[in-house]
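Novice:
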Amino acid sequence: MNIKRLLPFILFISIIVLFWRGLGLHPNEIPSPLMNETVPQFHLPLLFNPAHSLSNQDFYGHITLLNIWATWCSVCAEEQDFLLQIAKQNDFYLYGLNYKDDPAQAKKWLAHYGNPYRLIGIDETGQVAIDWGVYGTPETFIIDQKGIIRYKHVGALTSNNWETELLPIIKKLQMEAK
Amino acid sequence: MKKPIFILFMICLTSSLCFAADEYDSFLSFQEQQRFHALTRELRCLVCQNQTLDQSNAALAADLRAKIYHQIQEGKSDKQIMAYLTSRYGDYILYRPPFNRYTLLLWCGPFLLLILAISYLFFYLSKARQTK
Amino acid sequence: MIPQLGNFAIILALCFALIQCIAPLYGYAKQQRLYFQLSRTAAIGQFIFLAFSLVSLILCFLNNDMSVFYVQQHSHRLLPLLYRIGAAWGGHEGSLLLWCVILSGWTFVFILLSSLGNSFSISVLPPTQAIHDKIIIILGLISSGFIIFLFFTSNPFIRIFPLNGIIGEDLTPVLQDPGLIFHPPMLYLGYVGFSIGFAFAVAALWEGKIEKTWAKACKPWIILPWSFLSCGIVLGSWWAYRELGWGGWWFWDPVENASLLPWLAATALLHCLIVGEKRQVFYGWTLLLAIITFALSLIGTFLVRSGVLVSVHAFANDPTRGLFLLLYLAFLIGGALMLYGCRIHRFYQPPHFQLFSRETFLLINSVILLTAVVTILIGTLYPIILDALNLEKISVGEPYFNTVFVPIMLLLLLLMGAAPHVPWRTAHVHIFWNKIRTVFLISLFITFLMPFAYSKLFEFEYHPLAGIGIGISTWIILSTLKYAYQRWHSQSLPFLPASAMIVAHIGIAMTVLGITINQSYAQERQMKMSIGETVSLAGYTFTFMQLSKSSHANFETLLATFAVKKAHHSPTSLIAEQRIYRSHDQRFSKPGILTNGWRDLYLALGTSLPDGAWTVRIYYKPLVRWIWAGGFLLLISGFLSLMNYRHKQNNYHEH
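Protein chains in written order, with my numbering: chain A, 68 to 245; chain B, 316 to 447; chain C, 558 to 1212.
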């Protein structure tokens, strides 16, 4: 008899616990279904050398970070400093995907904020980005040596989330390679 | 993480103010138009996450509508188009939640609850009257 | 100066709120009435100072005092006067202040009507002194918590200096509509008003017993907020329809759901109170519902302000504020439910009614409404549940809610037509069936006939499911009118007390009819149009006549004039706008609407194309206004129910 009387209280407390848990979640973030899938097939002209291209073939044999960015995204500008820092590390290649932008603007922007990328593909229409499941900027993917997508980070890279989220994964991939 | 969310929010506010009307309708047959509208109304805009692809004026929504339009023209079926999108964005893009083992409670719950609750009510009333 | 006064007023109000809930505790200890009178005075003081604070905030907006950070975020140099007032509650901090003002306002009205009740011809029955005292304490407790939350985490009077040429962030264009002036206050009058019902319930549990007059005393304090909430929800829907450009009026957005949940629970509660007043039964259930209704109001407040859910409506989301609200919510409701669990056995009454009786029907009403509440709550929270368990990430949208909510409501509507004809205590099925048979068969006939008639006579598409909605509305209207007729001619029972129920049920039927017809028979077309072109839809022709420009206080607008013509009638003009707000170069497409009460013709501009044409969306929306008309009838029914208490009627009868 007693439990029945306290049932409303128990149900309510479960809802409170759910909310409490919910406060720590990110409802806007969409996890990528491309985890552990091979890099999608694509072919984009390079920003500084349009005759050549960035394609899925460039992702094999080394750990790659693909950073999706645009000149109209103010957060990307904030991220640029940090990207310049980490680009100095040799354990991975940093590629950029310029999303729905004007190439001339993109070049100016890089001249101003710095260019940490080894290769930059321009996706003016955004159709290739759809294949990557991109829905905003900035986003960063970690791809392993076999061309398999292993992690996606939504939002700007900072020393904080670099240390806690991305660096451990890169280290793990390096161990796997050995 | 606050800033990008703020930007998304502002995009959504401005985009909710003009609906999305593209010129695709004039290039599709009536039946294809119906399919196009039906599909875009079943998909969620990922930028303005409380609007359908049909309603949203976000750039990504426009791109996705363009993708769907081209796929209809290529002769892909509705199922193929949905599969294309969910393989890239996950089930989140579906406005109607999928029916799988995780959402069983979601879809069946309300009706089960109603039946159980009314049954319990009658059971309780008969029992209470019997013990009087 | 004014912001400082406003801020100080909040501090004073907090002091009064604390006195309001603590002084009576001294009163109990020392057994002196003085402390209880002090507490009532403190409650009045709290209201006066909170109202003063809100007025200060509005003055800051009227003066466009950009040194106040909140004004800076929500106002602009060019913002028209009317919207500056509305902007006072357009953001989180200001709307929370409004929340507190309305909470203390309801307390004030409660004290006024309970003390001076006998002087008014339309009056309310005051509760017993013991209950009354405890209600004031509980309301003081709720107030104190919210004022603390307001002052320490969401203070609208925070100043920011220096002011070098700041012109303000401006109010979002969607909010720049008269709806902003009415919709939030109406909603809050509803939400917040349920705190009194909550206080009644907790007071009764605290007291340990329920007097015979408890339900009668509590009823108006649920019906009034319920009417305001109905009106608030309807205003919100109407506003969305006018502003958002695709003719939608309900989106199952988490914030909309947050306002619907207390409404559903309050509907169940008010029916239980009606029963409680007449038959003195269901007390245990009623107490629980009263707590649940206010709990849902608080949960709604939490969901909207904490960032836990994604919504177009949500205020600037802040998990720290969310945590505070959550803990407070847990304390208030958890405490109340714990008290309920411990004391409820004292209120148990065995049922004295037959299985087939009005009491049973009304119990089923509660069950169905609460099922609807749980359904919508689970649907809204399901993404969080799956995410918290690290399972899938899904989203739950309109298609889900429409699929589950409609069948549950149809069952309720079916019972709604039947219930007034079922007598209290004992009813016989064959007598009931004889009474209701004709109406039922007519409705059944119409269910099958109407879609057929529409498709043959009016050349609409055949929608068999529309018949269900039309049939059910007919069932409710005819059944209620039959009841009204019998009651009007009754020798023993007065008509006036029943008028509220009649108006309310017909209001619901109108809304259902409006929804059914609108969903089934609305038509739309979307195409490019250049000047001079004509398109036709649903028997009307739309000709794009001209484009002109116009300039207003804070926006420029492009006016597109269309001539709308139906065969054999002269044309009317329909103007749609594309506004550009100067503050942030924001575009806003304002639809043009032509209405005659029976149908709306709705036109919205999309984007302009290089060749000078525009993409245009045109809608034909039959009976859409009835959806909101029904809601307004609910507001009227709320006030009609107050007529029950006229002191002139010395021989007040049960109905």
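Every residue gets a Cβ at the ideal spot worked out from N, C-alpha and C, and that includes glycine.
Roughly how far, in whole angstroms, is the beta-carbon of His1062 of chain C from the beta-carbon of Ile1025 of chain C, given that I think they are within contact range, below 8 Å?
Specialist: No, His1062 of chain C and Ile1025 of chain C are not in contact; Cβ-Cβ is about 18 Å, not under 8 Å.
Novice: Comparing C-alpha positions only, which one of A:Glu191, A:Ile189, A:Lys238, A:Pro94 sits nearest to Ile209 of chain A?
Specialist: Comparing Cα positions, the closest option is A:Lys238.
Novice: Do Ala600 of chain C and Thr664 of chain C come within 7 Å of each other at the CB atom, strictly closer than that value?
Specialist: Yes, these two residues count as a Cβ contact at 7 Å.
Novice: Would DSSP call Trp199 of chain A helix, strand or coil?
Specialist: Coil.
Novice: So, are the CB atoms of Thr824 of chain C and Leu967 of chain C less than 7 Å apart?
Specialist: Going by C-beta atoms, Thr824 of chain C is not nearer than 7 Å to Leu967 of chain C.
Novice: Going by the DSSP bridge assignment, what does Asn134 of chain A pair with across the sheet?
Specialist: A:Gly163, A:Thr207.
Novice: Hey, which unbroken runs of the alpha helix (DSSP H) at 4 residues or more fall wholly within the stretch 843-909 of chain C?
Specialist: Fully enclosed alpha helix (DSSP H) runs of 4 or longer: 876-900.
Novice: Taking all protein chains shown into account, do 16 or more other C-beta atoms lie within 10 angstroms of the C-beta of Ser678 of chain C, making it buried, or fewer, making it exposed?
Specialist: Only weak support exists for where Ser678 of chain C lies, its pLDDT of 47 falling under 50; the coordinates are left without a value.
Novice: Return yes when the Cβ of Val749 of chain C is within less than 7 Å of the Cβ of Ile659 of chain C, no when it is not.
Specialist: Yes, they are a contact pair.
Novice: Run the CB neighbour count on Phe1009 of chain C, radius 10 Å, all protein chains shown included, and call it buried at 16 or more, exposed below.
Specialist: So Phe1009 of chain C counts as exposed.
Novice: Answer with yes or no whether the minimum CB distance from Asp1222 of chain C to chain A is below 7 Å.
Specialist: There is no way to answer for residue 1222 of chain C, as the model of chain C reaches only from 558 to 1212.
Novice: Using the rule of at least 16 other Cβ atoms within 10 Å of the residue's Cβ for burial, across every protein chain shown, is Glu357 of chain B buried or exposed?
Specialist: Label assigned to Glu357 of chain B: buried.
Novice: For Ser1108 of chain C, which residues does DSSP report across the bridge?
Specialist: Looking at the DSSP assignment, Ser1108 of chain C forms a beta bridge with C:Glu1113.
Novice: State the start and end residues of the unbroken beta strand (DSSP E) segment that holds Thr937 of chain C.
Specialist: Run containing Thr937 of chain C: none in the beta strand (DSSP E); it sits in the alpha helix (DSSP H), 915-945.
Novice: Residues of chain C with a CB under 7 Å from the CB of Tyr407 of chain B: which are they?
Specialist: Those are Lys950, Ile951, Ser952, listed as they occur along chain C.
Novice: Just to confirm my understanding: we take Ser1107 of chain C, look at its own chain, exclude 5 residues before and 5 after, and list those with CB closer than 7 Å. What are they?
Specialist: For Ser1107 of chain C, where only same-chain residues beyond five positions count, the Cβ hits under 7 Å are Thr1114, Leu1116.
Novice: Under the DSSP definition of a beta bridge, which residues are partnered with His385 of chain B?
Specialist: In the DSSP output, where bridge partners are listed per residue, His385 of chain B has none listed.
Novice: Leaving out the 5 sequence neighbours to the left and right, which residues in its chain are closer than 8 Å to Arg590 of chain C when beta-carbon positions are compared?
Specialist: Cβ neighbours of Arg590 of chain C beyond the five flanking positions: Gly584.
Novice: Would you say Ser678 of chain C reaches chain A, if we count a Cβ-Cβ gap shorter than 7 Å as a contact?
Specialist: Confidence at Ser678 of chain C is low in this model, with a pLDDT of 47, below 50, so the placement of that residue should be treated as unreliable; the coordinate-derived value is given next. So no, Ser678 of chain C is outside the interface.
Novice: Alpha carbons only, please: which of C:Glu916, C:Thr1073, C:Glu1016, C:Gly702 is nearest the one belonging to Leu884 of chain C?
Specialist: Checking every option, the nearest Cα to that of Leu884 of chain C belongs to C:Gly702.
Novice: Flag Met895 of chain C as yes if its beta-carbon sits less than 7 Å from any beta-carbon of chain A, otherwise no.
Specialist: Yes - at least one Cβ of chain A is within 7 Å of the one on Met895 of chain C.
Novice: What residue from C:Arg716, C:Ile704, C:Phe757 has the CA that sits closest to Ile559 of chain C's CA?
Specialist: With distances taken between Cα atoms, Ile559 of chain C lies closest to C:Arg716.
Novice: Per the contact definition of three or more C-beta pairs closer than 8 Å, is the stretch 843-858 of chain C in contact with the stretch 881-897 of chain C?
Specialist: In short, these stretches touch, since the Cβ pair count reaches three.
Novice: Ignore the nearest five residues each way along the sequence and tell me which others in Val931 of chain C's own chain have a CB closer than 6 Å to its CB.
Specialist: Hits under 6 Å: none found.
Novice: Could you check where the alpha helix (DSSP H) with Pro1054 of chain C kicks off and where it finishes?
Specialist: Its alpha helix (DSSP H) spans residues 1053-1078.
Novice: Spatial neighbours of Trp229 of chain A within its chain, please: CB distance less than 8 Å, with the 5 preceding and 5 following residues excluded, ordered by chain position.
Specialist: Cβ neighbours of Trp229 of chain A beyond the five flanking positions: Phe149, Ile153.
Novice: Relative to the ligand HEM, is the shortest distance from any of its heavy atoms to the C-beta of Tyr1176 of chain C smaller than 6 Å?
Specialist: With respect to the ligand HEM, the structure shown offers nothing to examine, as it has no ligands at all.
Novice: Name, going along the chain, the residues of the stretch 186-214 of chain A whose beta-carbon falls closer than 9 Å to a beta-carbon of chain B.
Specialist: Per Cβ criterion, the list reads Thr192, Gly193, Gln194, Ala196, Ile197, Asp198, Trp199, Gly200, Val201, Tyr202, Gly203, Thr204, Pro205.
Novice: By the criterion of Cβ-Cβ separation under 7 Å, what are the contact partners of Leu866 of chain C in chain A?
Specialist: Simply Pro94.
Novice: Per DSSP, what are the beta-bridge partners of Gln1103 of chain C in this structure?
Specialist: Note: Gln1103 of chain C sits in a beta bridge opposite C:Thr1118.
Novice: Provide the residue span of the alpha helix (DSSP H) that contains Arg641 of chain C, from first to last.
Specialist: 638-644 is the extent of the alpha helix (DSSP H) around Arg641 of chain C.
Novice: I want to verify the contact list: residues of chain C whose CB lies under 8 Å from the CB of Ile83 of chain A, in sequence order.
Specialist: By Cβ distance, chain C contributes Leu883, Leu886, Ala887, Gly891.
Novice: Please confirm whether Leu908 of chain C has its beta-carbon closer than 7 Å to some beta-carbon of chain A.
Specialist: Residue 908 of chain C is actually Pro in this sequence, not Leu. Cβ-Cβ to chain A under 7 Å: no for Pro908 of chain C.
Novice: Based on the DSSP secondary-structure assignment, which residues constitute the bridge partners of Ile410 of chain B?
Specialist: Residue identity check: residue 410 of chain B is Tyr in the sequence provided, not Ile. Its beta-bridge partners do not exist; DSSP assigns none.
Novice: So what's Val953 of chain C in DSSP terms, helix, strand or just coil?
Specialist: Three-state DSSP puts Val953 of chain C in coil, outside helix and strand.
Novice: Pairing CB atoms from the stretch 796-814 of chain C with CB atoms from the stretch 1171-1189 of chain C, are three or more of them under 8 Å?
Specialist: As far as the Cβ criterion goes, the stretch 796-814 of chain C touches the stretch 1171-1189 of chain C, which means the pair count is three or higher.
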